[in-house]
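Asker: Below you will find the structure I want to go over with you.
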Amino acid sequence: MQGKRILLIVGGGIAAYKACELVRLIRKRGGSVRCVLTKGGEHFVTPMTLAALSGQEAHTSLWSLKDEVEMGHIELSRAADLVVVCPASADLIAKMAAGLADDLATTLLLATDKPVLAVPAMNVRMWVHSATRRNVARLREDGVQVMEPDEGEMACGEFGPGRLPEPEAILKAIEASFGASGGALAGKHVIVTAGPTHEPIDPVRVIANRSSGRQGFAIAAALRQLGARVTLVSGPVSLATPAGADRIDIETAREMAAAVDRALPADAAILVAAVADWRVEPSAEKLKKADGPPMLDWEINPDILGLLDGDEQRPGLLVGFAAETSNVIDRARAKLAAKGADWIVANDVSGDVMGGEDNQVHLVTADGIESWPKMGKDAVAARLAQRVAEHLAKANLLEKK
Ligand code: CTP
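So the numbering used here is basically just the index in the sequence shown, starting at one, shifted up by 9.
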C-alpha cells in the first residue's frame, strides 16, 4: 500500500460515511487518496470532509474550469493505481455497466485504464433484483472487481445482503489487489481448483455435490495476498472472485482438467475442488418419468491430480485435498502415495464442513502429519499459503545451490 494512489469515488447512500473511515485507513497504511463525489454522495458527506481527511481537494463537477486547467478529468482517472467505488449504489453500478458518462464520477470510470474495485451498498431488494444481478455480472465480465456486500440489518430496517462491507474488509481487498508485487509469492504462479463439478445427465439434470467452493476461494485470496499470480479454476459456485485472481468458470470434470492443463506451467497447484469421479453420456432430450428410472452408463472422469503428477510440466508443488468421512489420516496417506501429491490436506467432512465456516485439517506430507487446530476457512487458507511460500522459497534456494 505504501505510496499507492487511490482514486475513491463516493456514490450516494447512507453507507457513504464509511468512505471517510476508509480514507483514514488507506492513509494510515501509507497510501494516498483523491476523492470524487457523485451528486448522490454529496447528500451524505461533504467534499470538505473528504478533502480534510484525504489532504487533497475533493472533486464533484465535470465542469469545474479550475480542475480542467490544473488536472483534466482524463488525467485524474489515470493518475491513480486503483479506482475504488465506495459505496457503489445500484444506480452507479447500472451506469457503470451501461458505460454511461454523464457526470464526473462516471466519466472517470469510463476513461480510466486502471483496475476498478466496486464496493456495493444498497437495499437488499435492490441488490437481489435481476437488473442489478445482470449489471454486476456484466461488470465482472468487464474485469471490474465487485465485492460481495455484507449481510445484516440495514438502515432501512430490512435484513439481508446489501450492507457495505466494513472498511477493514475493503482495505484488505484493496491491499490484495496490490498483492502482486513484493509479497513472499511475488513472481510465482499457482493454480487453484475449487467448488464442485456438475456432470449433466440430460439438458436439465446434473450430478453435483455439496462443495461450496469457500475453502478453495479463501486459498486463492490468501495466495493473492502473498503476491502470487493465481489461476482459479472454479466449478459452479456463488462466490465473488478474490481480488486480482484470474478466474476460469467450468462445469464438468473434463472442462476443469482442460482448464488446468491450459493454465500450466505453474509453480504450485492446489486442488481443492470436489471433482465428480464419474460422469454419464448425457441424453440430448430430457429424460421422461414415464420411461422409468434411467439406467445410467457411468464412465470414470479424469483424475486431475493424478494427471498433473504425470505431466511433463508437473508443478513443483502439488497439493491435494482429501475429504473423508472416516479413517481420515490413513486414507489421506494412501491418497498421497496413490496420486503422487507432495502434500494432502485432509479433513473430516462427516459434520457440516462442506458449506460450513470452519475446518479442521491435517497436513499430510512425506515427512509426517501435522494436525492443525479447528479454525475458520480463511485461517486455514492463510496458513497453507504461508507454507506454500516457505516451500517454494526453500526449493528456490536448493535450485540456486
Ligand atoms: N481430484 C482430482 N480429480 C478427480 C478427483 C479428485 O483432481 N477426478 C483431486 C481433488 O481435487 C482432491 C484430491 O484429488 O485434491 C482427492 O479428492 P477425493 O475426491 O478425496 O479423492 P478421490 O480420488 O476421488 O477418492 P475417493 O472419492 O474415493 O475418496
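Every residue gets a Cβ at the ideal spot worked out from N, C-alpha and C, and that includes glycine. A quick note: this is a predicted structure, and the numbers were derived from the prediction, not measured.
Can you list, in chain order, the residues of its chain with a C-beta nearer than 7 Å to that of SER5? Leave out the 5 residues immediately preceding and following it.
Answerer: Because the chain is modelled from 10 through 410, residue 5 falls outside the range shown and cannot be assessed.
Asker: Please report the residue range of the beta strand (DSSP E) in which GLY411 lies.
Answerer: The question about residue 411 has no answer, for the chain in this structure spans 10 to 410.
Asker: For ASN132, which three-state DSSP category applies?
Answerer: coil
Asker: Keeping to the same chain, check which residues put their C-beta closer than 7 Å to that of PRO158; ignore five residues upstream and five downstream.
Answerer: PRO129, ALA130, TRP136, PRO170, GLY171, ARG172, LEU173 and PRO174
Asker: Out of SER220, ILE200 and THR121, which has the shortest C-alpha to C-alpha gap to GLY325?
Answerer: ILE200
Asker: With distance defined between alpha-carbon atoms, name the residue in LYS409, LEU327, GLY81 and ALA375 nearest to ILE2.
Answerer: It is not possible to answer for residue 2, since the shown part of the chain is limited to 10 through 410.
Asker: Using only CA atoms, which one of GLY64, ALA28 and SER247 lies nearest to CYS95?
Answerer: ALA28
Asker: Excluding the 5 residues flanking ASN368 on each side, which residues of the same chain have their C-beta closer than 8 Å to its C-beta?
Answerer: The answer, listed in chain order, is GLN224, ASN356, VAL362, LYS383, MET384, GLY385, LYS386 and VAL389.
Asker: By Cβ distance, which residues of its chain are closer than 6 Å to MET10, with the 5 residues on each side in sequence left out?
Answerer: ARG38, GLY39, GLY40 and GLU184
Asker: Taking the beta strand (DSSP E) that ILE378 belongs to, which residues open and close that run?
Answerer: 377 to 380
Asker: The beta strand (DSSP E) spanning VAL370 covers which residue range?
Answerer: 370 to 374
Asker: Any heavy atom of the ligand CTP closer than 8 Å to the beta-carbon of THR261?
Answerer: no
Asker: Given a cut-off of 9 Å, decide if ALA203 and LEU232 are closer than it, judged by their beta-carbon atoms.
Answerer: For the pair LEU232 and ALA203, the CB atoms are not nearer than the 9 Å cut-off.
Asker: Considering only the alpha carbon of each residue, which of GLY64, GLY12 and VAL281 lies closest to PHE226?
Answerer: VAL281
Asker: Below 8 Å on the Cβ atoms is my guess for GLY244 versus GLY222; work out the distance and round it to an integer in Å.
Answerer: That belief holds up - the Cβ atoms of GLY244 and GLY222 are roughly 7 Å apart, short of 8 Å.
Asker: Please go through the stretch 181 to 268 and give each complete beta strand (DSSP E) segment of 3 or more residues, from N-terminal end onward.
Answerer: 198 to 203, 238 to 243 and 255 to 258
Asker: If we count the other Cβ atoms within 10 Å of its Cβ and call it buried at 16 or more, is CYS165 buried or exposed?
Answerer: Exposed, by the Cβ-count rule.
Asker: Excluding sequence positions up to five away, which residues of its chain have a Cβ less than 6 Å from the Cβ of ALA404?
Answerer: GLY325
Asker: Taking the continuous beta strand (DSSP E) assigned at GLU165, which residues delimit it?
Answerer: According to the sequence provided, residue 165 is Cys. The question's Glu does not apply to it. Looking at the DSSP string, CYS165 is not in any beta strand (DSSP E), and its letter there is neither H nor E.
Asker: Looking only at its chain, what residues have a beta carbon closer than 6 Å to the beta carbon of PHE330, apart from the 5 residues adjacent to it on each side?
Answerer: Around PHE330: VAL281 and VAL354.
Asker: Contact between the stretch 374 to 382 and the stretch 203 to 215 is defined here as three or more beta-carbon pairs at a separation below 8 Å; is this criterion met?
Answerer: no
Asker: By Cβ distance, which residues of its chain are closer than 7 Å to ALA110, with the 5 residues on each side in sequence left out?
Answerer: THR116 and LEU119
Asker: Please determine, among LEU16, LEU345, GLU167 and PRO291, the residue with the shortest C-alpha to C-alpha distance to PRO124.
Answerer: Minimum Cα distance to PRO124 is reached at LEU16.
Asker: Given PRO274, which residues of its chain have a CB within under 6 Å of its CB, disregarding the five upstream and five downstream residues?
Answerer: Within the same chain, PRO274 has close Cβ partners GLN322.
Asker: Going by the C-beta, is THR202 closer than 8 Å to any heavy atom of the ligand CTP?
Answerer: It does: the Cβ of THR202 is within 8 Å (strictly closer) of some heavy atom of the ligand CTP.
Asker: Does the beta-carbon of LEU74 have 16 or more other beta-carbons within 10 angstroms, so that it is buried, or is it exposed?
Answerer: Per-residue confidence for LEU74 stands at a pLDDT of 47, beneath the threshold of 50, marking its modelled position as unreliable; the derived number appears in the next sentence. Exposed, since its Cβ has fewer than 16 Cβ neighbours within 10 Å.
Asker: Taking only the alpha-carbon atoms, compute the straight-line gap between ASP255 and ASP151 and give it to the nearest angstrom.
Answerer: Using only the alpha carbons, I get a separation of about 13 Å.
Asker: Cα-Cα, which of ALA182, ALA266 and VAL42 is closest to ALA229?
Answerer: ALA182
Asker: Could you work out which residue in LEU126, VAL213 and GLY196 is closest to ALA293 when comparing CA atoms only?
Answerer: Checked all of LEU126, VAL213 and GLY196; the closest Cα to ALA293 is VAL213.
Asker: Can you tell me the Cα-Cα spacing of LEU126 and VAL153, whole angstroms?
Answerer: Straight-line spacing of the CA atoms in LEU126 and VAL153 works out to 6 Å.
Asker: At the level of alpha carbons, what is the spacing between VAL337 and ARG147?
Answerer: 42 Å
Asker: Closer than 8 Å to a non-hydrogen atom of the ligand CTP - does that hold for the CB of ASN336?
Answerer: no
Asker: Can you say whether HIS198 is buried or exposed, counting buried as having 16 or more other CB atoms within 10 angstroms of its CB?
Answerer: buried
Asker: Quick one: give me the first and last residue of the beta strand (DSSP E) that SER41 is part of.
Answerer: 41 to 46
Asker: Taking 8 Å as the line, does the beta carbon of VAL213 fall inside it for any heavy atom of the ligand CTP?
Answerer: In this structure, the C-beta of VAL213 stays at least 8 Å away from each heavy atom of the ligand CTP.
Asker: What are the boundary residues of the alpha helix (DSSP H) that includes LEU118?
Answerer: 113 to 120
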